[in-house]
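Chemist:
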Amino acid sequence: MSDNAQDVFAGQLVFNGINAVTGEYGLPPLSAQALARLIRGKPTPQDYRRFMEQQKKLAALAKVADRLQRVSEAEVSFRQAAAQAGLAELQFKARLTHELPVKPGAGDPSRVEDVGWALILPADMNPTLREAIKEALQPLLDLRRQQAGDLFRIYEGGEAYRSGERKDQYFERLGVSAGLVDPREMPFYVLLVGTPEEIPYEFQYQLDVMRAVGRLDFGSDVDAYADYARHVVAAETGAVRLRRRVAFFAPSNPGDRATQLSTEYLVRPLYQSLTDQAPPGELRLKYDWDIIPPLVGEGQATRGALARLLGGRPEEMPALLFTASHGVEFPAGHPDQLRHQGALLCQEWPGPGAEVRRDYFFAGEDIPLDVGLRGLIAFLFACYGAGTPKYDQFAIQAFKVREKIAPRSFTAALPQALLRRGALAVIGHVERAWGYSFVSPSGHLENQTFVTAMRTLMNGDPVGLATDASFNMRYAALSSDLSVDLEEMEWNPHHLSDYELVYRWTANNDARSYVVIGDPAARIPMDGTGFQAGYEASLVTAEVPVKEHPVVPEPSPTVLGAPVEPEAPVEPEVSGESMAITAAETGASGAPAGNLEQEVAGVDFGLGEQFEKLRESLRTFTDQLASSLGRAAQDITTLDVRTYVTEDLNAVVEALDARHEIAADLRAVTRVAFDGDVDVFVPKSESRVDETLWVIHKAMVEEAQTTRAHFLATMAELAARLLDSLRIGS
Amino acid sequence: MVETALFTMSGVAWPEGADPLGLWQVEPQLERAFDTRSAVDDRLVWSVALPGDHQLAQVQIAARLQKVTQVQARLEDAERKLGTLSVGTPFAHDQDTAAAALLTEVLVIQQGRTAMASGIDPQRWVDLYHEATALLRQFRRLLLYYGWVETEIAGEFVGLTTIDWSSDYQTAWQDGITADGMRLHLDAVRLALASRQALDRLVTVIVTGALELAVKAGIPGGHVLLLPAVYRYVRTILQQLQELERVS
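Top to bottom, those sequences are chains X and G.
Numbered per the numbering used here, the first sequence spans residues 1 to 730.
Numbered per the numbering used here, the second sequence spans residues 1001 to 1248.
#1: Could you compute how far the alpha carbon of W694 (chain X) sits from the alpha carbon of Q705 (chain X)?
#2: For T1084 (chain G), return the contacting residues in chain X, with the cut-off set at a CB-CB distance below 7 Å.
#3: Should V1234 (chain G) and L1213 (chain G) be called a contact, given that it needs their Cβ atoms to be closer than 9 Å?
#4: How would you call Q1066 (chain G), buried or exposed, if buried means at least 16 neighbouring beta carbons within 10 angstroms?
#5: Measure from the alpha carbon of L1075 (chain G) to the alpha carbon of each residue in G:L1199, G:V1215 and G:T1004, then state which is nearest.
#6: Thinking C-beta only, is T1004 (chain G) closer than 9 Å to Q1060 (chain G)?
#7: Would you list the residues sitting across from E647 (chain X) in a DSSP beta bridge?
#8: So A363 (chain X) and A226 (chain X) are supposed to be a Cβ contact under 8 Å. How far apart are they, rounded?
#9: Comparing the C-beta of T1069 (chain G) with each C-beta of chain X, is any distance below 9 Å?
#10: In the DSSP assignment, find the beta strand (DSSP E) that holds I662 (chain X) and state where it starts and stops.
#11: Please list, in chain order, the chain X residues whose beta carbon lies closer than 7 Å to that of V1189 (chain G).
#12: Check whether chain G comes within 9 Å of E647 (chain X), counting only Cβ atoms and requiring the distance to be less than that.
#13: For a test of the three-state rule: what should DSSP assign to F188 (chain X), helix, strand or coil?
#14: Decide yes or no for the touch test of the segment 512-520 of chain X against the segment 483-495 of chain X: beta carbon pairs closer than 8 Å, at least 3 of them.
#15: In three-state DSSP terms, what is Q752 (chain X)?
#16: If we define contact as Cβ-Cβ less than 9 Å, is H495 (chain X) a contact residue for chain G?
#17: Pull up the CB-CB distance for N447 (chain X) and S479 (chain X), whole angstroms please, since I reckon it's below 8 Å.
#18: Can you tell me the Cα-Cα spacing of A562 (chain X) and Q55 (chain X), whole angstroms?
#19: Could you name the residues of the same chain whose beta carbon sits closer than 6 Å to that of P592 (chain X), not counting the 5 residues immediately before and after it, in chain order?
#20: Report the residue from X:V682, X:I154, X:A406 and X:E329 whose alpha carbon sits nearest the alpha carbon of E24 (chain X).
#21: Does Q1058 (chain G) come within less than 9 Å of chain X when only Cβ atoms are used?
#22: Report all residues from its chain with a CB closer than 6 Å to the CB of N595 (chain X); omit the five preceding and five following residues, and keep chain order.
#23: Let me check one thing: in DSSP terms, what residues is A118 (chain X) bridge-paired to?
#24: By how many angstroms is the C-alpha of Q147 (chain X) removed from the C-alpha of G238 (chain X)?
#25: Is the beta carbon of P251 (chain X) less than 9 Å from the beta carbon of C346 (chain X)?
#26: Which residues in the same chain as G733 (chain X) place their Cβ atom closer than 7 Å to its Cβ, once the five residues preceding and following it in sequence are excluded?
#27: Below 8 Å on the Cβ atoms is my contact criterion, and I expect F471 (chain X) with F379 (chain X) to pass it. Report the Cβ-Cβ distance as a whole number of Å.
#28: Where does the unbroken alpha helix (DSSP H) through A226 (chain X) begin, and where does it stop?
#29: If you check the beta carbons only, do L274 (chain X) and F438 (chain X) fall under 9 Å apart?
#30: Can you look up G23 (chain X) in the DSSP assignment and give me helix, strand or coil?
#31: Which stretch, first to last residue, makes up the alpha helix (DSSP H) that contains Q147 (chain X)?
#32: Does DSSP put V653 (chain X) in a helix, a strand or coil?
#33: Can you pull the chain G neighbours of E654 (chain X), defined as C-beta to C-beta under 9 Å?
#34: At what residues does the beta strand (DSSP E) containing T1162 (chain G) begin and finish?
#35: What does A699 (chain X) touch in chain G if you count any residue whose Cβ is under 7 Å from its own?
#36: What residue does the alpha helix (DSSP H) around F330 (chain X) start on, and which one ends it?
In structure tokens form, the structure reads like this:
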């Protein structure tokens, strides 16, 4: 610990995110005074000018439509109402004097058997995909149902999460009380399934205050859900046992205060703390762990070293990995944003201002497909390490504008890649991680949350419980205090010093935005713990083997300094050299890398087994077809045909990409009921209907009727033949 | 500016990277793992880029629609031929090369199944397995996602129609589009849907053909491994149609 911790806050404050295109900090360095002004929402004209200069710079790198939108008074009111709604529960949690987040008598919160487990699905997910995902997750659902009994729930249909709902609204609709968790009303462990567009991060944060929440988001890759379910079941039924080994990875880039800070004030003290099995006032470690000295700085925290830790070799792979580094970020809409944002910047990066070459950071695609990381839990301290929201929260607070930092909210590719390869969970950060949150202006180390989370995990407790007792509790306490402080500062500007305000604000934001990617009830499967074996081993339907070919994609040394061609929905006129995504970089081989293919290559060759696997694939296919047909039959009570006119079709595509309402003039709607009744709707304000448009609209209606008839006939025939084939084949 | 219409589809990755029906150019799929939330994943996109001359554009779409009809007829033909194949005489004089290749494959699987792969290169089985699973994967994508049709005329994006699973249609027109432009987009929608129906038919023919052959060859369960071979057979028949077109 530094003798003078105020040095940390003196001069320019820097943050844990590096723009991969410019090599500069994602958020330009600020003085504590300037940051304090922005937190108070009282920027000076110079602050505003500086912000706009940064925006111009970003706009030149990759343009995205509506980058900045002034926040309306209505939205400000809405946000205040939402914050107020959440604050009551945060204050409640902050007042909790006992450690249990569940009602007295509910039992042990570390046991799914006592406090239950639930799955929440989004209402607006493609119904076919939703059913396919549920089916893929079946082994996991069976396991949790077996454990939780009556306290197992799936929230779908009328109980699914509806777009735009806040947690308090959702609870009200479902009749769930706020405050201490009553697992009979809603279980303590909650797994959200879907993208952050379908179930927003804000909802996850709110729900996480009192519950243990995780998220699974593999998009439409149904196989990835199936693999994940099998990995968790394998881990909890004794098929996976890991040596108790924890590793730390912490680059400290030259001239970079952010990583120096995270190394000196977070990683080293955390390591020291964990080497003591029972320090006073901290959670006692129940088991002996091999605590590997941190890989820090020059020659240690290299990209190669991280690749070895995540290389799947049993002698090198830890059961628990903690990293602290910059996460790379990209201008909104940059072609690499979705697959690289949040990737970990390693020691090779020469420091602020230097170009960020592709071989300086470690991304999801850098983990070969054949690597098995079964059982691993990782904690990634990095900006955007878990995901990125569409809008930056900082700009709203500071400048009352919404800054679009991504075409849509998304889950980072690195945790997804880890989970695809067998990891059980990743704790990571959504948005920017604020390094100043673990040291107070008076010089106290404030890394207790990290220590508690790590110790909880090392004791074999579920990952959701590890974050609940640490970050969620801290978020509640800080948020509760900060709201009072900010109110007080309206009357007394000297209530807090700038340093204190910056510290409290960054710590609050930091604690709020840690999320779990994966099942919150997952825990490290290690030797010698009281792991609850005894669940039926038959739940492990198939061990997921890995590919034999050790294809390690070599990163291209491409320089990311040039302006690049943006992805849709970006305006097309951006000039400059475009950067090709090579197959080596993406791991693409023309077709999606499939786990079915991985399955066959990793098993001993056995014809009977292969036949069985193939039959199973066909059976799944048939089941999906049948269930889709069933749903289609339910949906065909009406047929809707809508016709719009717009000034900008590309904007419509963008809206559909983001699954938003499309901004276009609706000119005609025809609804054909199953009994043949036809309702036609045209705009009231039109004096007369555009004849040409109307003729085409009617033609579309006829086309739709023909399509539906043909489609149902074809699918019914296919389903019948497939069912025949299964009967004969079996 | 296009003089010849371009018909492009994306969202399905066929084994050889080309549309087995020979109707559309297929855009290669990017690795999905790194763009998993993209709604683009959820679409089968049919893009039609037409020349500015509406009459010429109409002729080109009509020609393509006619080709779909021919393909559908050819699929019926393939189904009939598959139904009449006799297993056990793979090198009969009256059978064409495509049929001989298919029946040889049946024989290999038949022998492999009964002899538990003795004497057969294990890699062959692995390859077969990969092919079959890749096909099933694409069939599944065809089922999960429906249609998205975009039309460009003279480089201008003019119409977009999305069709979902329950056959609900949404169409958005670029403001100012002419009546002719609208009709061209409607034709593009019809072409895309006809092509989709042909693809559905292709799946049915392949699955049924593989099943019947497996039954004839007495290899219960082997029909799944036969999917790639039957797929190749049907594709060859469809390619013969394209050859005929080139000659005529």
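Idealized CB from N, CA, C, for every residue including glycine.
Modeler: Reading off the structure:
#1: 17 Å
#2: The premise fails here: T1084 (chain G) is roughly 18 Å from chain X at the closest Cβ pair, so nothing lies under 7 Å.
#3: no
#4: exposed
#5: When C-alpha distances from L1075 (chain G) are compared across G:L1199, G:V1215 and G:T1004, the shortest belongs to G:L1199.
#6: yes
#7: DSSP output for E647 (chain X) lists no bridge partner at all.
#8: The Cβ separation is near 24 Å, so there is no contact.
#9: no
#10: Where I662 (chain X) is concerned, there is no enclosing beta strand (DSSP E), given that its DSSP letter is neither H nor E.
#11: Those within 7 Å of V1189 (chain G) in chain X are E703.
#12: Answer yes: the Cβ-Cβ gap between E647 (chain X) and chain G drops below 9 Å somewhere.
#13: coil
#14: no
#15: Here chain X comprises residues numbered 1 to 730, so residue 752 (chain X) is not present and cannot be evaluated.
#16: no
#17: The pair is not a contact, with the Cβ atoms about 19 Å apart (cut-off 8 Å).
#18: Residue placement at A562 (chain X) cannot be trusted, given a pLDDT of 31 that sits under 50; what the coordinates show is reported in the next sentence. Approximately 17 Å between the Cα atoms of the pair.
#19: Note that P592 (chain X) has pLDDT 29, beneath the 50 cutoff, so the model's placement of it is unreliable and the number below is only indicative. If we look at P592 (chain X) and ignore the five residues flanking it on each side, it has no Cβ neighbours.
#20: X:E329
#21: no
#22: Only weak support exists for where N595 (chain X) lies, its pLDDT of 35 falling under 50; the value from the coordinates is given anyway. Correct list, in chain order: D223 and D227.
#23: X:R153 and X:V190
#24: Put simply, the backbone Cα of G238 (chain X) is about 15 Å away from that of Q147 (chain X).
#25: yes
#26: Residue 733 (chain X) cannot be examined here, being either before or after the span of chain X that is shown, 1 to 730.
#27: A Cβ-Cβ separation of about 11 Å leaves F471 (chain X) out of contact with F379 (chain X) under the 8 Å criterion.
#28: V222 to E236
#29: no
#30: coil
#31: Q138 to A148
#32: In this structure, V653 (chain X) counts as helix in the three-state DSSP scheme.
#33: Per Cβ cutoff of 9 Å: no residues; E654 (chain X) is ~10 Å from chain G at best.
#34: In the DSSP annotation of this structure, the continuous segment of the beta strand (DSSP E) that includes T1162 (chain G) starts and ends at E1156 to I1163.
#35: L1186
#36: Where F330 (chain X) is concerned, there is no enclosing alpha helix (DSSP H), given that its DSSP letter is neither H nor E.
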